[in-house]
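As structure tokens, the structure follows; a few thoughts come after it.
Residue numbers (our numbering): 2 to 417.
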């Protein structure tokens, strides 16, 4: 004996959408699919002049034919246990659906194979599912597709900094952003959405995808309305950013690399006005901690992931961790790719390494009151000592250009 246990589509969709997504992490999840489809240009456009707000995210990746599009709209579209390309940023086959439903109750995907002309379209609409009480994916008519393409092109052309030679092969449309339209007072909705997009989301994407935006070949470009996102590297390649000797550990089918860095103490003051040490809307303490990269995509940053507590004296410490995508199941990566659990087998190695990083970071922090002697040539002559970075901490070195010392050296030289 058995009986059907088909879940109510409305209830299930609303439940699985609550996976810890924010607007910025939802967009990042969609961009993962774009990157996996070889896109190097992605644009996000938001129509805010009337409600419901409409958001378009388009990319120039490989695109999908109708059968692939249909499959990608299913729950889920692939198994988390299947073997994937090492550069594939997906996992559960749920990202596009859960990320979209966390922000909207109706979304459409238009796609075509690169080089083709005609788009195919599919729509998930919670209100329609609620009405019929069955799982039904809407197939968009050509007239509906043409109308959406026209809206997208008009919106894209109406903004500054358009991409050159850009052809959108996949376009996702969120029809309504219910968290802004339903949960906020009417007068605050546009203001809140603009702030979320222009400050929080831009900030987040600049760091999460910075490696893709910094690569030498076909660097990723992301445009949000009128703004091109500039990458932010939390590990600036500067001589006074001090690395700690890295460690590597074999874990299951992958190799995990951990490497600590200590920022110079001058960054404490400079970060209040210079953006090289922090993103525009974060402090040094916000950015203290572990940075976990999965196939070059940053999936966790800020904080110590439960290993130790954040404290002001460690705000100069950053730990970079590189992993592949073949051990997701062992790291318990969640659907939103925003949480990761360091397994017991790795915790001891992490904690031992963090202990060394803490010593170096605390030493730099507590030495911040030592006068930071200038290293610029124009000012060297006024300082008896100059401060240099080393892998053992900051060191004071005698400045041979100091006038009195220089005179003594010359005097001794002339005597001999």
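Positions of the beta carbon are idealized from the N, C-alpha and C atoms, including for glycine.
Note that the structure is a prediction, hence the values are computed from the model and not measured.
1) I'd like to know whether the C-beta atoms of residue 108 and residue 175 end up nearer to each other than 9 Å.
2) Which same chain residues end up closer than 8 Å to residue 401 when comparing Cβ atoms and leaving out the 5 residues on each side of it in sequence?
3) Any beta carbon from chain C within less than 9 Å of residue 397's own beta carbon?
4) What are the complete alpha helix (DSSP H) segments, minimum 4 residues, inside the stretch 9-91?
5) Based on the DSSP secondary-structure assignment, which residues constitute the bridge partners of residue 222?
6) Three or more C-beta pairs closer than 8 Å, one from the stretch 163-172 and one from the stretch 60-75: is that the case here?
7) Fully enclosed by the stretch 244-312, which alpha helix (DSSP H) runs are 4 residues long or longer?
8) When you compare the CB positions of residue 210 and residue 319, do they come within less than 9 Å of one another, or not?
9) Exposed or buried, which one is residue 3 when buried takes at least 16 other CB atoms within 10 Å?
10) So, under 8 Å CB-CB, residue 138 and residue 97 are touching, yes? Tell me the CB distance rounded to an integer number of Å.
11) With the cut-off set at 9 Å, would you say residue 45 and residue 225 are in Cβ contact?
12) Return the bridge partner residues of residue 121 from the DSSP annotation.
13) Just how far apart, CA to CA, sit residue 326 and residue 293?
14) Output yes or no for whether 9 Å exceeds the beta carbon distance between residue 223 and residue 341.
15) Would you tell me roughly how many angstroms separate the C-alpha atoms of residue 161 and residue 229, rounded to the nearest one?
16) Quick check on the DSSP output: the beta strand (DSSP E) that includes residue 320 runs from which residue to which?
17) Residue range of the beta strand (DSSP E) that residue 99 falls in?
18) Look at the alpha carbon of residue 356 and the alpha carbon of residue 13, and state the distance between them as a whole number of angstroms.
19) For residue 1 versus residue 170, is the C-beta spacing smaller than 9 Å?
20) Use the C-beta contact count for residue 148: other C-beta atoms within 10 angstroms, 16 or more gives buried, fewer gives exposed.
21) From residue 260 to residue 346, what does the alpha carbon distance come to, in whole angstroms?
22) What three-state label does DSSP hand residue 411 in the structure shown?
23) Decide if residue 301 is buried, meaning its Cβ has at least 16 other Cβ atoms within 10 Å, or exposed.
24) Can you give the beta carbon distance from residue 265 to residue 241, rounded, assuming they're within the 8 Å contact cut?
25) Beta-carbon separation of residue 314 and residue 363 under 9 Å?
26) What is the C-beta distance between residue 185 and residue 193, in whole angstroms, given that I count them as a contact (C-beta under 8 Å)?
27) Leaving out five residues before and five after residue 212 in sequence, what residues of the same chain have Cβ atoms less than 6 Å from its Cβ?
So, to answer that:
1) yes
2) These residues qualify, in order along the chain: 407, 410.
3) Considering every chain present, this structure includes no chain C. It has just one protein chain.
4) List check, alpha helix (DSSP H) in window: 10-17, 24-37, 67-73.
5) 42
6) yes
7) 268-271, 285-288
8) no
9) exposed
10) Incorrect: roughly 13 Å between the Cβ atoms, too far for contact.
11) Yes, the Cβ-Cβ distance between residue 45 and residue 225 is below 9 Å.
12) DSSP, once it has assigned bridges, lists 112 as partnering residue 121.
13) 12 Å
14) no
15) In this model, residue 161 and residue 229 are separated by some 9 Å (Cα to Cα).
16) 318-324
17) Segment 96-102 is the alpha helix (DSSP H) holding residue 99; no beta strand (DSSP E) there.
18) 44 Å
19) Summary: the structure shown does not reach residue 1, with the chain confined to residues 2 through 417, and so no result is reported for it.
20) exposed
21) 18 Å
22) If DSSP states are grouped into helix, strand and coil, residue 411 belongs with the helices.
23) buried
24) Sure, about 4 Å apart at Cβ, within 8 Å.
25) In this structure, residue 314 sits near residue 363, with a CB-CB distance shorter than 9 Å.
26) 6 Å
27) 297
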